[in-house]
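First comes the structure, then the notes that go with it.
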Amino acid sequence: MRDPPVAACDCARRRAAPDDRGRRTVTRRYLITGAQGLVGRYLTARILDTEPESEVLGIGRSGSVDGFFTHAISTRGGQERAPLPAELLASISARHRYQSISLLDTPGLCDLLREFRPHCVFHLASALHTASQRDLLQTNVEGTASLMNAVADAPGLDALVILGSSGSVYGEPEALPIRESDTCHPADMYGLTKLAAEHVVRIHAERGGLPFVTARIFNVVGPG
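And the structure:
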């Protein structure tokens, strides 16, 4: 993983130009893909809580924002949608808006990026381990390529791109603890497509001169 030495907080130091469309001026704008997922919801709440002059545009496949996650949980009655914890319900703000759009809609993504002009793009959208091979390839690889093409095509956009990858890119480790420098040898299609997404982001970012960070996330746990 050869990412340039750009810290995730760098996006918090990029200043916005005064908005000439009548919208209130903000200092930071974040676009989050997979915004309805567990990590996306908590990240959105964290940004809105700690950065009062920020705006967040979340995008995903869900039709709208409601009081539930997109995943299901097992109950005595069967499978039910996971409800949002109270802390996430309390974080709902006018500084956050949501747009339902497919990651494969490159022109639509480009329009959103051109209009919103984010300083930082968190790419968290991903198919799950249990998804079909087709969905894994379309979402994790083709969707990532579509997003990066849109970032490259949006005129004047100089956003930090942060990719939410996975520890599964390493496969079965030869020794513990796993080190960042260990060889990646994915053991399944999920890990393979997440590793492919890393290379897609790297190639597009280096070609376009964009800063990027790859976060290999392990063992995501939390209420929800």
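Taking numbering that gives the first Met the number 0, the leading residue of the sequence shown gets 0, the next gets one more, and so forth.
Where a beta carbon is used, it is the ideal one built from N, C-alpha and C, also for glycine.
So Gly59 and Gln35 are in contact, right, with Cβ under 8 Å, and what is the actual spacing, rounded?
Indeed, because the Cβ distance is near 5 Å, the residues count as touching under 8 Å.
Does DSSP classify Ala214 as helix, strand or coil?
If DSSP states are grouped into helix, strand and coil, Ala214 belongs with the strands.
Status (buried if at least 16 other CB within 10 Å, exposed otherwise) for Leu123
By the neighbour-count criterion, in which a residue is buried when 16 or more other Cβ atoms sit within 10 angstroms of its Cβ, Leu123 is buried.
Should Leu56 be flagged as near chain D, meaning a C-beta pair shorter than 8 Å?
Given the protein chain composition of this structure (a single chain), no chain D is represented.
For His122: DSSP bridge partner residues
Note: His122 is bridge-paired with Thr32, Leu162 in the DSSP secondary-structure output.
Among Asp104, Val55, Ala214, nearest to Ser92 - alpha-carbon criterion:
Looking at the Cα atoms, Val55 is the closest of the given residues.
Out of Cys183, Asn148, Thr26, Gly142, which has the shortest C-alpha to C-alpha gap to Arg113?
Checking every option, the nearest Cα to that of Arg113 belongs to Asn148.
Using three-state DSSP, classify Thr74 as helix, strand or coil.
Strand at Thr74.
Give a yes or no on whether the C-beta atoms belonging to Asn139 and Ala196 are separated by under 8 Å.
Cβ distance < 8 Å, so Asn139 and Ala196 count as in contact.
Would DSSP call Ser145 helix, strand or coil?
Looking at Ser145 - three-state DSSP - the assignment turns out to be helix.
Can you tell me where the alpha helix (DSSP H) holding Gly155 begins and where it ends?
No alpha helix (DSSP H) contains Gly155, which DSSP labels as neither H nor E.
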